[in-house]
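According to the UniProt record's numbering, the sequence shown holds residues 1 to 153 in order. Idealized CB from N, CA, C, for every residue including glycine. It should be emphasised that the depicted structure is a prediction, and the values quoted were computed from it without experimental measurement. Shown next, in structure tokens, is the structure this report addresses.
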Amino acid sequence: MVRLTEVEDEHFAQEKPQATKSNVLLTSDDEEEEDDYTDTESEISDDSDIELESESFADRLSALQDIIPPSARRTFNTTVSTVTSLTKSSITFSGKALWIISTSAFLLGVPWALAYAEEEQYIQLEREQGMIRGANEMIAPGAEENKEAQPSL
């Protein structure tokens, strides 16, 4: 069983407010408003045990978790976990794919490039030899034929 007890404020315990003509406790008299606002400095605000300087941003942020309902926190946590998981798996997959492509390029591309460069050198050498033969034929048109006809010793 629950028992309710009324706790009176110190200000009201010392001075009981008196009702006005229409039994209204609050009136708009300037003197009464000033009296109400003079009690803004209380013992609780002066003797505060909370040390704001030693409190970090993470502490303040973790204290705010009670404001958000558990279902919203669970949804947010699930969403963040899913996005984190997808990001991690896509980065892992991209890294593995990049490794496969780069090693394949080295294993297949480098030998092909070397063979292609060697073939280009042979083609260039044949062109140079053809140009030298053409120049020799222009200088001495029948020298090649006589040379082939003579026996070598």
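**Message:** What would DSSP say about Val7, mapped onto helix, strand or coil?
**Reply:** For the purposes of this step, residue 7 is identified with residue 7 of the sequence shown, where counting begins at 1. Residue state, collapsed to three classes: coil.
**Request:** Return yes when the Cβ of Ile68 is within less than 9 angstroms of the Cβ of Phe76, no when it is not.
**Result:** What you label residue 76 is simply residue 76 of the sequence shown in a count that begins at 1. What you label residue 68 is simply residue 68 of the sequence shown in a count that begins at 1. Taking 9 angstroms as the Cβ cut-off, Phe76 and Ile68 qualify as a contacting pair.
**Request:** Tell me whether the beta-carbon of Gln65 lies closer than 9 angstroms to the beta-carbon of Arg74.
**Result:** Here residue 65 corresponds to residue number 65 of the sequence shown, with the count starting at 1. Here residue 74 corresponds to residue number 74 of the sequence shown, with the count starting at 1. Between Gln65 and Arg74, the C-beta gap is not smaller than 9 angstroms, which leaves the two residues out of contact.
**Simplified DSSP assignment, three categories, for Ser110** = For this step, residue 110 is matched to residue 110 along the sequence shown. It should be noted that the sequence gives Val, not Ser, for residue 110. In the structure shown, Val110 falls within a helical segment according to DSSP collapsed to helix, strand and coil.
**Message:** Which of the three DSSP states is assigned to Ile68 in this structure?
**Reply:** Position 68 of the sequence shown, counting from 1, holds the residue named residue 68. If DSSP states are grouped into helix, strand and coil, Ile68 belongs with coil.
**Request:** Compute the Euclidean distance between the alpha carbons of Glu118 and Leu107, then round it to the nearest angstrom.
**Result:** For the purposes of this step, residue 118 is taken as residue 118 along the sequence shown, with counting starting at 1. For the purposes of this step, residue 107 is taken as residue 107 along the sequence shown, with counting starting at 1. If you take the alpha carbons of Glu118 and Leu107, they lie about 18 angstroms apart.
**Item:** Endpoints, alpha helix (DSSP H) assigned at Ala58
**Value:** For the purposes of this step, residue 58 is taken as residue 58 along the sequence shown, with counting starting at 1. According to the DSSP assignment, Ala58 belongs to the alpha helix (DSSP H) that extends over Phe57 to Ala63.
**Prompt:** Going straight from the alpha carbon of Glu126 to that of Ala113, what length do you get?
**Reply:** As a first step, residue 126 must be located in the sequence shown, where it is residue number 126. As a first step, residue 113 must be located in the sequence shown, where it is residue number 113. Near 20 angstroms, if we compare the C-alpha coordinates of Ala113 and Glu126.
**Prompt:** In this structure, does DSSP put Ala140 in helix, strand or coil?
**Reply:** To locate residue 140, count along the sequence shown from 1; it is residue 140. The answer is coil: DSSP assigns Ala140 none of H, G, I, E or B.
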